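Written out below as structure tokens is the structure these notes cover.
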Amino acid sequence: MKKRVLAVLLTGLAAATLVLGGCGGKGDSGSKDGEKKAEGKTDIKFYGKVIEYTSGPKMVEALQEQMKDKYNIEAIQVDWSNLEKVIRTGLASGDPCDIYDYGTYDMASFADAAEDLTPYLEADPEWREAIGEDALKPVTIDGKIVAIPWESNFTVILGNKALLDKAGVEVPEKWNYDEFKEACKKIQDSGAAPFGNSADLAHGEWMFRPAMLTQVLDNNTYDKYVEKELSFNGPEGKAALEQVKSLYDAGYMYPGEGAVTVKSDELKAAFSQGKLAMITDIGAGAKVTAEEMKESGIETVVIPWPSAGNTPALNGAGNCLFIPKSSKNTDAAVEVLKAFTGPEIQGIHAEEGYIPVNKNVKIEDEFTKELVKQSLTCVPDVVWPAEMNDYRLNNLIPDLILNGGVDTVINNLEQQRESALANE
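For the sequence shown, our numbering gives the first residue as -2, with consecutive numbering after it.
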């Protein structure tokens, strides 16, 4: 089965020692305009080969081919399990890679070390327009654009079209929890299980995060929320948790009593057997899942995520590319970034069923078009410390459904929030 990566949460595949050999060794001194070699080309160390995407190696090969007359591009495989360590080691060496991949919504961690790309984007308005202001917001730190997103990822719901049709469910452009639960009841009455979200693979917090984002957007408290200043013991936190809990309480979450601990493989098995109508997945893996289900005779469609209020919202994720200030080849690296985020190479990404960042890419596949529609509801979420993330991933849903309910979860979230603020 093909594997997909969710931002920087998957296990590493490349050996860090090999990576550090390519981006931390002593090199010849050079200028910011390019470190020229004997053959008249500039060597560019590109730490952005993502083999977990079927598009990744193809995109890198196309980049090398497109730039071969000017640059020798050394494409280095991303080591997800050691990503931050690899980057920090490279930066400390004084001879970093010229371009690094990192999480789009985590760039604040390297904002001080990253080149300000704002002047380059201002000098090339067509490039800036192709990426779009919304895509650039998460990588704009203190007024400076410090990276360029190259792909988008987020949570999606996939549906079994035959089961939805049998239940008489017409999927709208958007819906709220009440409308979604009406659809779940129809599905249940028709003899199928309505919906499933797994407890493994970092899916445990997927139900809560969009619900909370919708609530803070509806209540104009989004800015306070992302700054960690909004208490969970308020209308937003209570409403979000109550909406999520209502799906479990009504028996709509597969497989009933085991819904809190169900694994992703179990959900996909039930989906492929025609027992389960809707499952959660990552946007980057949705096309592969759909192709796998086709082998079982299942036609899969993209379902809008239910809103816990009026404003559709998803927690966005994805990857971007940044250039270290200490790169000896800044101008050349910018040119490589333009090519990688240009329509030709981004088109390869789209052809493989992923969501391109370049708005000029023409998408023919209807399934991918629906994914792109869903991506438009993505907004930056709070960047929490590891302790909060661990609680939301592993304990929030069990506490909500089995161990005390809404009040217990709010108390635990508040403790984590206050701890995060105290340690900033």
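Backbone N, C-alpha and C fix where the C-beta goes; we use that ideal spot for every residue, glycine too.
This structure is a prediction, so every number in the text was calculated from the model and none was measured.
Selection Ile41, Asn79, Glu49, Pro135 evaluated against Glu349 yields Glu49 as nearest (Cα-Cα). Rounded to the nearest angstrom, the gap between the Cα atoms of Asp362 and Thr286 is 15 Å. Ranking Gln371, Lys356, Pro301, Gly313 by CA distance to the CA of Glu176 puts Pro301 first.
Within the model, the alpha-carbon separation for Gly253 versus Ala314 is close to 30 Å. Secondary structure note for Gln74: its beta strand (DSSP E) is the uninterrupted segment 68 to 74. In this model, Gly280 and Thr297 are separated by some 13 Å (Cα to Cα). Glu332 and Tyr117 have their C-alpha atoms roughly 10 Å apart. Listed as beta-bridge partners of Phe192 by DSSP are Met250, Met275. Residue Glu148 holds the alpha-carbon nearest to the alpha-carbon of Asn355 among Gln371, Glu148, Pro122. Residue pairing by DSSP places Asp98 opposite Leu318 in a beta bridge. Residue Asn69 holds the alpha-carbon nearest to the alpha-carbon of Gly37 among Ser52, Thr338, Val57, Asn69. The alpha carbon of Leu114 has as its nearest neighbour, out of Leu390, Pro135, Phe319, the alpha carbon of Phe319. Annotation: Tyr50 is outside any beta strand (DSSP E) and is labelled neither H nor E by DSSP. In the three-state scheme derived from DSSP, where H, G and I count as helix and E and B as strand, Ile300 is classed as strand. A Cβ-Cβ separation of about 20 Å leaves Ala329 out of contact with Ile84 under the 8 Å criterion.
DSSP places Leu368 in the uninterrupted alpha helix (DSSP H) bounded by 363 to 372.
Contact check for Tyr44 and Asp378: beta-carbon distance about 25 Å, past the 8 Å limit, so the pair fails to qualify. Residue burial is scored here from C-beta neighbours: Gln270 has fewer than 16 other C-beta atoms within 10 angstroms and is therefore classed as exposed. Inclusion of Lys55 and Ile276 in the CB contact set at 8 Å is not warranted, their separation being larger than that value.
Across the structure, Glu81 and Gly100 are spaced so that their CA atoms are roughly 10 Å apart. In the structure shown, Tyr351 adopts coil according to DSSP, grouped into three states. The region 379 to 386 and the region 174 to 189 do not touch, with fewer than three beta-carbon pairs separated by less than 8 Å. Within the same chain, and ignoring the five residues on either side of Tyr174 in sequence, the residues whose Cβ sits closer than 6 Å to its Cβ are Gln240, Pro303, Ala305. Going by C-alpha positions, Gln74 is about 45 Å away from Gly401. Tyr249 sits away from Phe205, with the two beta carbons spaced by 8 Å or more. Counting only the Cα atoms, Glu112 lies some 20 Å from Glu126. The region 216 to 235 and the region 410 to 421 touch, with no fewer than 3 CB-CB distances between them shorter than 8 Å. Within the DSSP bridge table, the entry for Gly344 names no partner.
In the DSSP assignment, Gly255 is bridged to no other residue. Gly282 has no beta-bridge partner at all, per DSSP. Short of 6 Å from the beta carbon of Tyr97, and not among the five residues preceding or following it, lie these beta carbons of its own chain, in chain order: Tyr44, Ile84, Phe319. Here the alpha carbons of Asn316 and Trp77 stand approximately 12 Å from one another. Annotation for Asn408: no beta strand (DSSP E) segment contains it, though the alpha helix (DSSP H) segment containing it runs 403 to 419. Counting other Cβ atoms within 10 Å of its Cβ, Asn194 reaches 16 or more and is therefore classed as buried. For Ser269, there is no enclosing beta strand (DSSP E); the enclosing alpha helix (DSSP H) has its first and last residue at 261 to 269. With contacts defined as CB atoms closer than 8 Å, Leu161 and Leu397 fail to qualify as a contacting pair.
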